[in-house]
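Student: Take this structure, written in C-alpha coordinates, and hold onto it; I'll ask about it next.
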Amino acid sequence: MECIFCKIARKEIPSKIVYEDELALAFEDINPQAPVHILIIPRKHIHNNLSLTEEDKPLMGHLFLVANRIASEKGIAERGFRTVVNCNAEAGQTVFHLHLHLLGGRPMKWPPG
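Residues in the sequence shown are numbered consecutively from 6, following this note's numbering.
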(Lines of atoms letter the chains of each structure in order from A and count residues from 1; the text may use other names and numbers.)
(Lines give C-alpha, C1' and ligand atoms only; values in the text may rest on other atoms or scores of the structure.)
Protein backbone atom coordinates (compact mmCIF):
# COMPACT_ATOMS: atom_id res chain seq x y z
CA MET A 1 0.00 0.00 0.00
CA GLU A 2 1.34 3.42 -0.92
CA CYS A 3 1.97 6.08 1.70
CA ILE A 4 -1.06 8.23 2.50
CA PHE A 5 1.10 11.33 3.04
CA CYS A 6 2.68 10.90 -0.41
CA LYS A 7 -0.85 10.81 -1.84
CA ILE A 8 -1.76 13.97 0.09
CA ALA A 9 1.40 15.67 -1.18
CA ARG A 10 0.36 14.81 -4.76
CA LYS A 11 -3.18 16.04 -3.95
CA GLU A 12 -4.69 12.64 -4.72
CA ILE A 13 -6.33 12.78 -1.28
CA PRO A 14 -7.94 16.05 -0.19
CA SER A 15 -6.62 17.87 2.86
CA LYS A 16 -6.85 21.32 4.41
CA ILE A 17 -3.50 22.65 3.22
CA VAL A 18 -2.13 25.62 5.15
CA TYR A 19 1.29 25.85 3.47
CA GLU A 20 3.14 24.38 0.52
CA ASP A 21 6.33 24.89 -1.41
CA GLU A 22 8.63 22.75 -3.53
CA LEU A 23 10.04 20.92 -0.46
CA ALA A 24 7.20 20.71 2.03
CA LEU A 25 3.47 20.57 2.58
CA ALA A 26 1.56 21.41 5.75
CA PHE A 27 -2.04 20.50 6.45
CA GLU A 28 -4.51 20.26 9.32
CA ASP A 29 -4.52 16.99 11.27
CA ILE A 30 -7.83 15.11 10.85
CA ASN A 31 -7.75 14.14 14.55
CA PRO A 32 -6.48 17.32 16.24
CA GLN A 33 -5.01 17.09 19.73
CA ALA A 34 -4.95 20.88 20.21
CA PRO A 35 -6.79 23.89 18.76
CA VAL A 36 -3.90 24.19 16.29
CA HIS A 37 -2.62 20.83 15.07
CA ILE A 38 -0.80 20.96 11.75
CA LEU A 39 1.24 18.19 10.13
CA ILE A 40 4.32 19.32 8.22
CA ILE A 41 5.74 16.79 5.78
CA PRO A 42 8.60 16.75 3.33
CA ARG A 43 7.44 16.06 -0.24
CA LYS A 44 10.30 13.56 -0.40
CA HIS A 45 9.28 10.27 1.18
CA ILE A 46 11.40 9.60 4.27
CA HIS A 47 10.22 6.68 6.41
CA ASN A 48 11.13 8.27 9.78
CA ASN A 49 13.92 10.26 11.37
CA LEU A 50 16.14 7.16 11.56
CA SER A 51 16.07 7.19 7.75
CA LEU A 52 17.53 10.70 7.49
CA THR A 53 20.85 11.16 5.72
CA GLU A 54 23.43 13.94 5.64
CA GLU A 55 21.77 15.24 2.48
CA ASP A 56 18.51 15.78 4.44
CA LYS A 57 19.98 18.34 6.86
CA PRO A 58 18.77 21.38 4.88
CA LEU A 59 15.33 19.80 4.43
CA MET A 60 14.90 19.24 8.18
CA GLY A 61 15.88 22.83 8.89
CA HIS A 62 13.35 23.92 6.30
CA LEU A 63 10.57 21.91 7.97
CA PHE A 64 11.23 23.64 11.29
CA LEU A 65 11.25 27.07 9.62
CA VAL A 66 7.89 26.19 8.04
CA ALA A 67 6.61 25.28 11.52
CA ASN A 68 7.77 28.65 12.85
CA ARG A 69 6.06 30.48 10.00
CA ILE A 70 2.77 28.65 10.52
CA ALA A 71 2.93 29.21 14.29
CA SER A 72 3.26 32.94 13.64
CA GLU A 73 0.42 32.93 11.10
CA LYS A 74 -1.84 31.02 13.52
CA GLY A 75 -1.06 33.44 16.35
CA ILE A 76 0.55 30.88 18.66
CA ALA A 77 4.24 31.70 18.24
CA GLU A 78 4.54 34.13 21.14
CA ARG A 79 2.23 32.15 23.45
CA GLY A 80 4.11 28.94 22.81
CA PHE A 81 3.80 25.84 20.70
CA ARG A 82 5.21 22.35 20.46
CA THR A 83 6.80 20.52 17.54
CA VAL A 84 6.83 16.74 17.83
CA VAL A 85 8.39 14.03 15.68
CA ASN A 86 7.36 10.48 16.55
CA CYS A 87 9.73 7.69 15.51
CA ASN A 88 8.32 4.17 15.19
CA ALA A 89 5.29 2.51 16.74
CA GLU A 90 6.08 2.77 20.46
CA ALA A 91 6.53 6.51 20.08
CA GLY A 92 3.14 6.82 18.38
CA GLN A 93 4.16 6.99 14.72
CA THR A 94 1.19 5.65 12.75
CA VAL A 95 2.04 7.01 9.29
CA PHE A 96 5.54 6.02 8.22
CA HIS A 97 6.40 9.21 6.34
CA LEU A 98 8.46 11.60 8.44
CA HIS A 99 6.32 14.47 9.72
CA LEU A 100 6.33 17.21 12.32
CA HIS A 101 3.28 17.82 14.48
CA LEU A 102 2.80 21.53 15.21
CA LEU A 103 0.60 21.82 18.31
CA GLY A 104 -0.61 24.95 20.05
CA GLY A 105 -3.50 27.09 21.14
CA ARG A 106 -3.69 25.60 24.64
CA PRO A 107 -1.30 25.02 27.56
CA MET A 108 0.85 21.94 27.03
CA LYS A 109 1.55 19.59 29.91
CA TRP A 110 4.78 17.77 30.72
CA PRO A 111 5.58 14.98 30.47
CA PRO A 112 3.63 14.30 27.29
CA GLY A 113 2.02 10.95 26.57
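C-beta: ideal position from N, C-alpha, C; glycine also.
Using C-beta distances below 7 Å, list every residue in its chain close to A39, excluding the 5 sequence neighbours before and after it, in chain order.
Tutor: Excluding sequence neighbours, A39 sits near L108, G109, G110, R111.
Student: Give me the residue from V89, R15, W115 with the minimum Cα distance to N54.
Tutor: Out of V89, R15, W115, V89 has the C-alpha closest to the C-alpha of N54.
Student: Tell me which residues share the same chain as K79 and place their Cβ nearer than 6 Å to its Cβ, disregarding the 5 neighbours each side in the sequence.
Tutor: Hits under 6 Å: V41.
Student: Does F101 come out as helix, strand or coil in the three-state DSSP assignment?
Tutor: Here F101 sits in coil by DSSP.
Student: Where does A31 sit, in a helix, a strand or coil, going by DSSP?
Tutor: Three-state DSSP puts A31 in a strand.
Student: Comparing C-alpha positions only, which one of E7, I81, T99, I51 sits nearest to E17?
Tutor: That would be E7, whose Cα lies nearest to the Cα of E17.
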